[in-house]
Each structure stands twice: as structure tokens, then as C-alpha cells.
Amino acid sequence: MQNPSDRLRILVTRVDWVLMSIIGALGGIGIFNLYSAAGATDGFTVHTMQAAWFVVGLGIMAVLAMVDYRVIERWAYIIFGSAVFLLVLVMLFGTELNGSKRWLNLGFFLMQPSELLKIAVIIVTARYFHDSDHDGPLGLIDLIKPTAIVLSGVAFVIIQPDLGTSLIVLGIYAFMVFFEGMRWQSMLIIALLTLISLPFGYFFGMKEYQQDRVIAFLQINDDHLGDSWQVRQSVIAFGSGRVWGKGSRDGTQIQQGFVPEHETDFASANWGEEHGFMGMLLMLGLFMALLLRALWISSNARDRFGAQVGVGVAALFFTHIVVNLGMVTGMLPVVGITLPLISYGGSSMLTMMLALGLLLNVHMRRLPLVSR
Amino acid sequence: MAKTQQTRSAAGRGEKEGAGKRYLWLVGLFFVAFLVITARFWYLQIMRGDEYWRASSNNIIRDMDLRAPRGNIIDRNGKVMAENRPSFDVFVLPHIFNKYDTKQTLALLQRYLHLSDQEVKNIEKRVQAKVAQVPVRRDVTRRAVAALEADKLRLPGVEVRVIPHRVYPYNQVGAHALGYMAEVSSKDLLRLSPYGYTRGDYIGRMGLERSFEEVLRGSPGIDRRVVDVRGIPQGEAETQFLIGDYRKIAPVPGRDVVTTLDAELMETIDQAVRDYPSGAVVALDPRDGSILALYSKPGINPNSWTGRLSSMEKRRVDNNPFTPMLDKSVNAYFPGSVYKIVGAAAALEEGIEEVDGEITCHGGYMLGGRRFRCWKRGGHGPLDVAGAMQHSCDVYFYSIADRLGSDVLAEYAYKFGFGEQTGISLNNESAGRVPTKEWHRTNSPHGYQHGFSLNTVLGQGNTMSTPLQVALAYGAIANGGDLYYPRIVSEIRNSEGETLFEYPPKVRRTLGLKDSTLAAIKDGLYKVVNENGGTAYALKSDDLEISGKSGTAQVHAIGTVRVANRDKAFQLRDHAWFVAYAPSKDPEIVVAVFLQHAGGGSTEAAPVAINVIKSYLENQKRAAQPLPAQPDLPPTDGDSD
Chain A
1 MQNPSDRLRI LVTRVDWVLM SIIGALGGIG IFNLYSAAGA TDGFTVHTMQ AAWFVVGLGI
61 MAVLAMVDYR VIERWAYIIF GSAVFLLVLV MLFGTELNGS KRWLNLGFFL MQPSELLKIA
121 VIIVTARYFH DSDHDGPLGL IDLIKPTAIV LSGVAFVIIQ PDLGTSLIVL GIYAFMVFFE
181 GMRWQSMLII ALLTLISLPF GYFFGMKEYQ QDRVIAFLQI NDDHLGDSWQ VRQSVIAFGS
241 GRVWGKGSRD GTQIQQGFVP EHETDFASAN WGEEHGFMGM LLMLGLFMAL LLRALWISSN
301 ARDRFGAQVG VGVAALFFTH IVVNLGMVTG MLPVVGITLP LISYGGSSML TMMLALGLLL
361 NVHMRRLPLV SR
Chain B
373 MAKTQQTRSA AGRGEKEGAG KRYLWLVGLF FVAFLVITAR FWYLQIMRGD EYWRASSNNI
433 IRDMDLRAPR GNIIDRNGKV MAENRPSFDV FVLPHIFNKY DTKQTLALLQ RYLHLSDQEV
493 KNIEKRVQAK VAQVPVRRDV TRRAVAALEA DKLRLPGVEV RVIPHRVYPY NQVGAHALGY
553 MAEVSSKDLL RLSPYGYTRG DYIGRMGLER SFEEVLRGSP GIDRRVVDVR GIPQGEAETQ
613 FLIGDYRKIA PVPGRDVVTT LDAELMETID QAVRDYPSGA VVALDPRDGS ILALYSKPGI
673 NPNSWTGRLS SMEKRRVDNN PFTPMLDKSV NAYFPGSVYK IVGAAAALEE GIEEVDGEIT
733 CHGGYMLGGR RFRCWKRGGH GPLDVAGAMQ HSCDVYFYSI ADRLGSDVLA EYAYKFGFGE
793 QTGISLNNES AGRVPTKEWH RTNSPHGYQH GFSLNTVLGQ GNTMSTPLQV ALAYGAIANG
853 GDLYYPRIVS EIRNSEGETL FEYPPKVRRT LGLKDSTLAA IKDGLYKVVN ENGGTAYALK
913 SDDLEISGKS GTAQVHAIGT VRVANRDKAF QLRDHAWFVA YAPSKDPEIV VAVFLQHAGG
973 GSTEAAPVAI NVIKSYLENQ KRAAQPLPAQ PDLPPTDGDS D
């Protein structure tokens, strides 16, 4: 074995600079975009805040990348348990905003434990499948235990209520299950069950405002001011960007405040308005590169846990990107889902950086640490 | 361990192949999803881009507040005392206005609206301050509106809006009770903006308009409009494209306030006091504390105060020596002899009447070497309580006060509700003052002296009561002992006329006097009007028994030489009071008349009170008569149902 400084040197040489470049590019776009959108919010400079969060995120990512992910694997259940514990704390002492109890007030920062659950579910699911000794594709019986574990966490998110986040977490889990391999009959049955349960979920699982959003989405011309109004304005913002966009800080829709939440969930509307189709292609291209890189890292992982983590992180980004862009372009109902690295927000930024830290970690340890 | 890792990581050949296939599936899924998103962007930005571009940059979407019509204020018989009428108001919107030739626009505006140079200057100032919308003129004539509309293209940023305008059909009658409306000030906005008030909004000032502001005010709606850079609304198709059907949120109208007031009675009062410059009249139903009239004079005409108040009008009110803005019905004055019910009740309850039987008036009362005079120099001779009330003898009450002292008198005054607010919560109601020994110790220059009680028992000295307190106290005597809370609002209705909330009558306390005490006081009040020698005997009428009490409150200490009121300077003249209820046996109305510096109670105030009572009871009788049978009307063929 080598001494610790050697190990560190080896690790640093194995940092995935391709991934780092993609992260840097997307983070930069995010900050630049907020700088431009800040014209619509006088005084408060969200872009500097975002830059600060980005730097903090990079630090956390670096720290996480240094810890051997097999330590994380060993602690998987404890990590998951802690995330669930935080969710219980939210239920008991959480801060309520806009009718949802999602935050723990840490004084300097409103922490959103449901964000941590996304990471915890990736870790715990990877660990579970790493340990499981099934023969061939998974059947329904094989899924009972891991699903129960994941649901024990998601349940608290649904209670909050945070429909978007619970769907993301379930989505990540579904991707990881798919990646583990499933019998096609089982997939069919799950698909059917999901379809059947949708109406029940709508009528019994959703709060009124959530139902309103679905309705607003299904019939965009109904008079639910707010939800559909927002989407319509964001669609106009996107569309008016045309091929090359109106130029930075010249997006009239955003600058005149027609798009609500243009800093958080609807940040991409600003990008689309000011940089047009080309700008969106650039952003989508970077995201696609990120996803492919994650799958590539996964396929080169040294073990099943690492491979699963890679897929989980890819799934986390993929679901966020698709749901967010789908929602701001009027293809999906509005649920509060951020666009990774672009939307303003500390919780979202830190979550994505944690996930990327895991990814980096898996990449750096794809080979045993031996000096050349 | 190593072995497990081996099998798990690379897995067997078969599983590795499976994993590879699934990676391909995932990559495929990612691509398809991104392709769909890209296609969506293609559709929005390339295919429909020009459309959306026009929508976003050539047009401005503006939210206009739709003012909610304010609730009406209605009297007990359904007569409207405050309502809304549509008014055409002209505004300037600086964000459009400033982009064009402001001088030319202003010149045009000045011509069409006949604005003074000063007004134009004010508008210029506010436009430069970028106030969201600058009101130019309220309630413009239809002809002016037509002219403005016709020349719209040369008037960018000028807008005519229909805004509900407050009207008070009874003008100055009841101005204090109703209040008026005024534009919110910047100071108000600091406090009120969380409740949705914006610049240019109106808010209730004074009276019911103020205390029921939250009820009367509805919530504004939104009219989301697409306008071009000149502020001209766009066509239907354009609007539909941009904002779909999210154009309007209807305003929620304010709720109606149904009062217990009687508008007709208030007008009668206004007529009855027309010769007096200053005073207040309170009329109420002694059976439940409902206020029939709350009248103060002089008042303002809320119609000219609502909206743009001319500085001349304001100066006229500010310089008026009779304080028009002060609601005298809830402001405290020396009550004078109408306050003698307190002494009478104390005498009877404390047993002084039983011990002495009668007190004799020789025209004065000696205390500590000082002679307290009766208003009647020759004296009234022997009197009981009723007689003392009838003649309003001062010596009788000096004698009582001497024996009981300030604190016992104060105790009875509190029973009648003096010295504390009645709870009408209107116009900064005064609590009045009931002087106690303690009060004198802290407030009189030489501390408490026994002689003070002799002044206070007459409603002089430092005793202060409001006309409303006096009316309520007499109401309690009239109804047999229940002191009510004043009730000026009976219910709140929504704009459909459904009752949302009711204010039932509420007893504040019972006087707790012996029946014999009440009977003796009532007897005295009866004799004042109905028996020879009573201070208001001159006003006795054959068809209606009225009970009452006069009061002449000296504003200035009686000097050694008596000066007739008409020879005194106005500010030094006595206040005239008269409180009456009728019919004496089963009272339906109490009226307290207070005429500031008008002179004698029985000569000045009593005729007013009796006039008001008679007119009210006659109206009641007329209303109670069954209407002549109506012929059956032919059925209407409209769709009214």
C-alpha cells in the first residue's frame, strides 16, 4: 500500500475533467442567466448568491469525492435512516411556506430534507441491489423489500405535500430497478397498476391546489389564474426568443416580470427568451453530455454499487431536466421542480453537487489505487 | 470479498450483456426525451417564433385594478344613505405618457377638461415622480369623455375609467354618523398596503364609513388588458392569443351596512335645529338601544368632501368656529340639570328622601359660609324628589350632595353609564368625566373640597357627559332599568341582500335601582312637561304624554349680576339641553337635544326635542296603518323571475 499523500495524488489525477468542464459550463450558464434575470428584480442580486452556492457546492463535491464510496456504501442504511429522520423532524418542527411544510430552519438557511432524500435513495437502492443475490431479472416479489424501504422515506415527502419531489424520487428508484433488470411481465404489471392508481392518486392523494394545477394543465384556457397564466407567459417567453434570442438582459417577458419564479423553477424561460433556440440547444447539449458521461462512468464502475450510483445520478438529472423543461414549455403540469445548476436555490444546488460528487467518486475509484 | 466484487462488478458474461443492453435502452430513452423537448423548442421558437415575438415585444400586458363597488349604508326603513354612482374619472399613466410629447398632451387635456394652470402643474409634478397612475379629474361629464375618446390618438397615456363614486343622498344630514371618503395618504399606505390598498384608493373617514371600512370595502378585481405602446387596447384576437381567458377577475362588491338610523327623522332634526348654529341630537329606541338619529351640527357635506376637496372648501371648514368636523353627539360637555337624575337616584336609594320627607328651598344653600344659589331666587319651598325634578330646584340637590359627597354621587353616575365610553366606537367617542374625590385630589389646584359635590350634582363643575350618554341613561329610566349598548348597525348584508351578520341589542347593565326609585324619577320627569310649574309645562300637548328634563349648563360661573343670555358673548352663553321620552307610559323614543351656547334648556332645546318626538311618533303611526288594498296587477311578461 502507499502512503496517504500518494493516494491523494492518484485520486486527483483521476478527476474526470470532462465531467468537471460540463459542470463548470452549466454552472456558469446558470449564474450568467440569473445575472441577466436580475434586471427584473431590483436590488437583490441572486446571481452572486448563486455563485456563492456554486462554490460551496464545488467544495462539498470535492469533499464527497475524496471519501471512498465504499465507506458511503457501508453507511448506506444509516444515511437513508438519517434522511428519513430529518423528514420526521420537518413534520414535527418544519417551517411552513405556501401551505407546505418542507423546510427546517437552520437560522442561516432553510434546509429542505426532501432534497437529501433523493441522494439517500440513490445510495440505499444501490446498496440493496449490490447486496442482493437474485438470479436473473427481478420479479415482483424481489421488489417488495426495496420498494418498502424507499416508500418509507417517500411517504413523508408526500405528506408535506411535495408531489414533484416524491415523483422524482420514485422515478430515480424506477430507473435503478430497470437497470438492475426486470422481467417484462413484471414491468407490464407495474405499468398497469400505475395507470389504475392514477385516478385514485388524483382524488385521494392530491391537495386541491395540486388538482387545480393538473386541471389547469389539461385545459389551458380555463380560468385558473396563476398556474396556467404562468405557463402561458413562459411559453411566450420561449417562443419570442426565436432562433438567436433577444440578447442578454433584453428579454422583455422576463424583464417586465411577466414570468413568475423566473429565478427558480422558470429560470430556463429567461435563457430561452434571451438566447433563443440556439441557446436552448447549447443547454440541452450540455445536459445530454452530462447524462451520457454519467452512464459512461456507471458502465466503468468497479462494482455494482458504483454502477447503480452512476445510473441513479443520471436518473436524478434526467427526471429534473425533463420535468422542468416539460413544465416551462407547457408540456407537463406545473410541479416545483428545478432545472439542475440553472435554477436559483441553495438546496437544489447542493443536492446536485452531492450527486455529482458521488459520480466523480465512482469515476476516481474505477481502478484500484495503485501507483504506477 | 474480492470474489464477490468480481462477480458483482463485471458480473457473469450473461449479466454484463444484460447491463449493456439496458445502458443502450437508457441512452435511447434520454435521446428520445431530449428529442421531444427539442422538437417543442423548435415548434415554439422556430415555427411560431415570430408570433410569440410580436406578442411579447410589441405589446404590453397590463393589470388594471377593477374597483369593487363599496357597500351601501342603509337606514332602518331601507332608505339608502350612502351609495355608489358610476363616475368617469380621467387618469394619466406616466409610463406611456412620458414617452410622448407631454406638453402637447397636457395642453390638450387642459383644453378638454378646463384644468387650471395650478392643476396642470400638479399633474406634471406627479407624472415626473412616476406615480403609477395620476388622477387628473374625477366625475367628468359625458361630453368631455366623448371629446377625449375622439382625440385618443393625440392623448397617449390618458385614460378614462368608470369608477364607482360615493354619493350621500341626504347631503350634510348625518354626515358625522355616516362619514365620508378620502383618498388614502402616503402615510396610510405604509400601514394599509398589505391589505391591498393602492395609491388613488379611497378609504372611509369618520363615522360608519370609517369604522365599517373592512365590511363596506369589497376586494378589487383585475382586468388584464393587452395594450399597445400607446396604451390603446388591442383587438380580441390579439388578447385571446396573449392571455387567453385570464382577463378578468370580477371584483367582490362590498357588503351593505344596515343601520338602525331613521333617515327621515334625521332630516326632521336637521329642520328642527335650523336656527341654531351648533349642537347635537341623539334619538334612540329605549326598548333596545337602537340609535334612531345621531346628529351633529354643523357638519360637512360628504358629497363635496368625497373626492377632490377644494382647498377653499377645506379652509371654510377649518376656519368655522363651530368645529364642523367634531361629532358633538359623542363629545362631552357640561350636562347641566339633565344630570340631576343621578342625584335623584342617589337620594332615593341612600334613604335621604325617607328620613327628611321633604327638603325646603329658600333660594339658596349655605355651606362653609358660602351661599349656593338656586336658579329661582325666591326659592321653591318644600319639595320631594319628583317636585325637585319638576322645578329643577338646585337647593334640593345641593342638600343631597352635601350629605352624600362626591364619591357616592359618582357611584350612581357610573350606574347610568356616565364617565365611560358607551361603546359605539364612532368618531373618537369621549368617555366624559365623573369627578370623584380622587379625581379632584389629582386635578384640582387645592385638592378636594366638599363643596365640589354641590357643583357636580347639578352637572356643572367638572362633570362632563356626551349627548349619547345622556340619551342612553334616560333610555334606561324609560325602559324600567336596562342600560343598553348603543346599537347603530343592525346587520350586514351581502350585495345579494342576504344577511351575513346580525347585531342583536345588548344590555350593558341594569341600573339596579328599587322600583320605587325609578317610579319617583319617572314621576318627576312626567311632571316637568305635564304639570303646572314644570320647566317645560308650556309645551304640554293634549294628545301625547311626554316626559323629560331640561338643562341649562352654565359655561361661565354665575356672577353676582345676572346677565341675560342674549346679552352675553356667544361663547359665554349657556348650553341648552333637553332630554325627553314618549309616550310617557310606554316609551318608544328618547331624544337628547344639546344646543351649544343656545341659552335656556326649556326655552330653546325643549321645543326641538318635542317637535322631533311628535314627528317620529306620527310617522310610526302612519307606517303602521294598513295600506289600502292593491288591485291585482296584471302579470308581467318579462323574465324577471
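One line per chain: the protein sequences are A and B, in this order. Take the first sequence: its letters are residues 1 to 372, numbered as in the working numbering. Take the second sequence: its letters are residues 373 to 1013, numbered as in the working numbering. Glycine included, every Cβ here is placed at the ideal spot set by N, Cα and C.
- Put simply, of A/P146, A/G139, A/R302, A/I119 the residue whose alpha carbon is nearest the alpha carbon of A/V169 is A/I119.
- Taking the beta carbon of B/T838 as reference, no residue of chain A falls within 8 Å; the closest one sits roughly 48 Å away.
- Annotated three-state conformation of B/R457 is strand, per DSSP.
- Three or more Cβ pairs closer than 8 Å define a contact, and the stretch 515–528 of chain B falls short of that threshold against the stretch 487–501 of chain B.
- Against B/G884, chain A offers no close residue; the least beta-carbon distance is about 52 Å (beta-carbon pairs closer than 7 Å).
- For A/S100, the beta-bridge partners assigned by DSSP are A/L97.
- A/S299 reaches chain B at A391, G392, Y395, counting residues in chain order whose Cβ is nearer than 9 Å.
- Using beta-carbon distances, A/L325 counts as an interface residue toward chain B, with a partner under 7 Å.
- Residue contact with chain B for A/S240: present (Cβ-Cβ distance below 7 Å to some residue of chain B).
- Cβ-Cβ distances below 6 Å link A/F179 to V311 in the same chain, with the five nearest sequence neighbours on each side left out; the list follows chain order.
- Scanning the stretch 484–570 of chain B from its first residue to its last, the whole alpha helix (DSSP H) runs of 4-plus residues come out as 489–500, 514–522, 547–550, 558–564.
- It is roughly 5 Å from the alpha-carbon of A/M111 to the alpha-carbon of A/L104.
- DSSP places B/K921 in the uninterrupted beta strand (DSSP E) bounded by 919–925.
- When rounded, the separation of the alpha-carbon atoms in A/F287 and A/F277 is 15 Å.
- One finds I236, G239, S240 in chain A with Cβ atoms closer than 8 Å to the Cβ of B/A427, taken in chain order.
- The Cβ atoms of B/P658 and B/A850 lie closer than 7 Å to each other.
- What B/V399 touches in chain A, judged by beta-carbon distance under 9 Å, is L291, L292, L295, going in chain order.
- Residue-level contact check: B/I418 touches chain A, since one or more beta carbons of chain A fall below 7 Å from its beta carbon.
- For the stretch 58–86 of chain A, the beta-carbon criterion of a distance under 9 Å to any beta-carbon of chain B is satisfied by none of its residues.
- Look at A/V322: its C-beta is under 7 Å from a C-beta on chain B.
- Residue B/V462 holds the alpha-carbon nearest to the alpha-carbon of B/G529 among B/V462, B/D774, B/Y484.
- Contact annotation: in the stretch 158–192 of chain A, residues whose CB is within less than 9 Å of a CB in chain B are F175, F178, F179, E180, G181.
- B/I849 has a beta carbon lying at 7 Å or more from every beta carbon in chain A.
- Annotation: A/L86 to A/L117 spans about 9 Å, alpha carbon to alpha carbon.
- Of all residues in the stretch 328–353 of chain A, the ones placed with a Cβ closer than 8 Å to any Cβ belonging to chain B are T329, M331, in chain order.
- Distances from the alpha-carbon of A/S152 to those of A/N300, A/V124, A/V46 put A/V124 closest.
- Between B/S825 and B/L781, the beta carbon gap of about 6 Å places them in contact (Cβ cut-off 8 Å).
- In the structure shown, B/I575 falls within a strand segment according to DSSP collapsed to helix, strand and coil.
- Ranked by Cα distance from B/G847, the first of B/G626, B/A954, B/L967 is B/A954.
- Across the set A/T351, A/L89, A/A37, the C-alpha of A/L89 shows the shortest separation from the C-alpha of A/Q160.
- The way I'd put it, the stretch 625–642 of chain B does touch the stretch 441–453 of chain B; three or more beta-carbon pairs between them come closer than 8 Å.
- The beta carbon of A/L295 sits closer than 8 Å to those of G310, V311, A314, all from its chain and outside the five residues before and after it, given in chain order.
- Neighbours of A/M288 in chain B, taken as residues whose beta carbon is under 9 Å from its own, are F402, F403, F406 in chain order.
- Proximity of chain B to A/G276 at the Cβ level (cut-off 7 Å) is accounted for by Q417, in chain order.
- Under the DSSP assignment, A/I10 falls in the alpha helix (DSSP H) whose first and last residues are 4–13.
- For B/I731, DSSP records a beta bridge to B/L755.
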